[in-house]
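Asker: Just so you know, we're using the working numbering here: the sequence shown kicks off at 42 and counts up by one.
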Amino acid sequence: MNAVEYCLLNGLKVAGPDHPALLSATLSLLSVTALTVRTRHLLDLSDVSGSLHRHGWVALLLFVPVTFPQPGHLLDWLVAYPTVLVMHAVGFLITATMLTSRVALIQSTTRYRAEAHQDALTGLANRRQFELDLPFTQPGDALLLLDLDHFKRVNDEYGHPVGDAVLRAVGQALTTELRGRDRAYRYGGEEFALILRGLPPHALDGVADRVRAVVERSVFPDVPWTLTVSIGAARAAELSGETLLRGADEALYAAKRAGRNRVCRWSPTPPSGAGPGAALGGLLRPLDAAAL
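1. Rounded to the nearest angstrom, what separates Thr269 and Leu165 at their Cα positions?
2. Is there contact here, the region 257 to 277 with the region 185 to 200, by at least three beta-carbon pairs under 8 Å?
3. Tell whether a beta-carbon distance below 8 Å holds between Arg238 and Asp223.
4. Helix, strand or coil: which one does DSSP assign to Gly221?
5. Quick one: Cα of Tyr294 to Cα of Arg152, how far?
6. Please report the distance separating the alpha-carbon of Leu235 from that of Leu185.
7. Just reading off the alpha helix (DSSP H) that Val211 is part of, what are its end residues?
8. Is the separation between the beta-carbon of Ala275 and that of Ala254 shorter than 8 Å?
9. Going straight from the alpha carbon of Gln170 to that of Val131, what length do you get?
10. Just tell me which of Thr217, Ala183, Lys297, Arg301 has its CA closest to the CA of Pro241.
11. Beta carbon of Leu286, beta carbon of Leu175: below 8 Å?
12. Under the three-state reduction of DSSP, which class applies to Gly229: helix, strand or coil?
13. Between the Cα of Asp160 and those of Val211, Asp188, Tyr226, spot the shortest distance and give me the residue it belongs to.
14. Helix or strand or just coil, what does DSSP make of Val270?
15. In whole angstroms, what separates the C-alpha of Val107 from that of Ile135?
16. Any idea which residues DSSP pairs Leu166 with across the strands?
17. Starting from the C-beta of Leu219, find all residues in its chain whose C-beta is less than 8 Å away, skip the five residues before and the five after it, and write them out in chain order.
18. Per DSSP, what are the beta-bridge partners of Ala183 in this structure?
19. When you compare the CB positions of Gly273 and Ala244, do they come within less than 8 Å of one another, or not?
20. List the endpoints of the continuous alpha helix (DSSP H) containing Val264.
21. Roughly how many whole angstroms lie between the Cα atoms of Pro180 and Ala277?
22. Where Ser149 and Leu162 are concerned, what is the direct C-alpha to C-alpha distance, given to the nearest angstrom?
23. When we look at the beta-carbon of Val127 and count the other beta-carbons within 10 Å, is it buried (16 or more) or exposed?
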């Protein structure tokens with residue numbers, strides 16, 4: 042052998058004078074790779090199809106160095122090169138169109154999936170997302186159900202646009218009280234929900250009342266009175282899944298019956314005089330704001 046063969050790019054054998062075709066192909070491949078790296082910033086993943094339409098000319102540049110003429114074969118190269126270039130460029134454009142269409146479909150699916158689990162008015166997660174998250178609560182988690190007090194009066198006296206503005210403001214206020222893995226939801230109408238992750242048992246009362254207070258302190262320019270919220274709380278260590286939701290819901294209605302603008306927490310300890318078969322609705326401990 043007049044040259045030492047070596048492997049390059051997945052086993053492509055390249056040598057010197059004995060293998061001019063392989064050397065030419067290798068130089069072409071390296072040129073295409075270098076040009077691709079230099080122009081990769083032209084692809085905008087947020088607008089893949091638009092990038093292809095605006096910068097499709099790059100496809101021609103990618104295949105300009107499709108091969109280099111071999112010594113003594115310049116005429117053959119000039120005859121074959123234009124056809125090969127066109128075929129490669131067309132093949133690239135067809136493949137790129139298929140790939141960008143697929144990427145656009147994946148992006149659209151991801152966006153629609155996110156929108157399907159988000160409340161359009163408040164930007165919070167919606168009830169569908171809540172129902173997906175609820176079964177995965179752990180013993181250290183807690184659930185708060187919130188209901189705006191006398192919200193119907195806002196809609197009746199000032200109209201739904203003002204009511205919508207109030208709901209958006211409440212949603213923003215709730216997000217300020219969230220920690221890392223906590224999540225706020227618009228449960229429906231004027232009802233909201235919070236799933237609090239890894240909350241110490243002794244902290245639930247204080248956190249629930251802090252949420253109540255942040256809504257009470259919020260300013261709603263178009264509503265001349267103070268808006269308040271009633272809250273039902275339950276811990277996942279005592280209930281789980283649907284029973285956790287039922288416990289928080291019963292606690293919420295207990296807060297409403299007790300005068301609103303307060304927190305009621307579900308407790309596993311039956312009230313005095315309750316028998317062993319006491320209903321869930323009787324296992325509630327109301328918590329006045331003044332007592333917290």
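Glycine included, each C-beta is placed from N, C-alpha and C at the ideal position.
Please read these numbers as outputs of a predicted model, since none were measured by experiment.
Answerer: If we stick to the structure as given:
1. Distance between the alpha carbons of Thr269 and Leu165 is about 20 Å.
2. yes
3. yes
4. coil
5. 36 Å
6. 5 Å
7. 201 to 216
8. no
9. 45 Å
10. Ala183
11. yes
12. strand
13. Each of Val211, Asp188, Tyr226 was checked against the Cα of Asp160, and the nearest Cα belongs to Tyr226.
14. Annotated three-state conformation of Val270 is strand, per DSSP.
15. Model confidence at Val107 stands at a pLDDT of 48, short of 50, so the residue's coordinates are unreliable and nothing is read from them.
16. Here residue 166 turns out to be Ala, not Leu, going by the sequence shown. Answer by DSSP bridge pairing, in chain order: Gln159, Tyr226.
17. Ala225, Leu235
18. Beta-bridge pairing links Ala183 to Leu237, Arg276.
19. no
20. Taken as a continuous stretch (DSSP letters only), Val264 belongs to no alpha helix (DSSP H), as it is neither H nor E.
21. Straight-line Cα distance between these residues: approximately 5 Å.
22. Using only the alpha carbons, I get a separation of about 21 Å.
23. exposed
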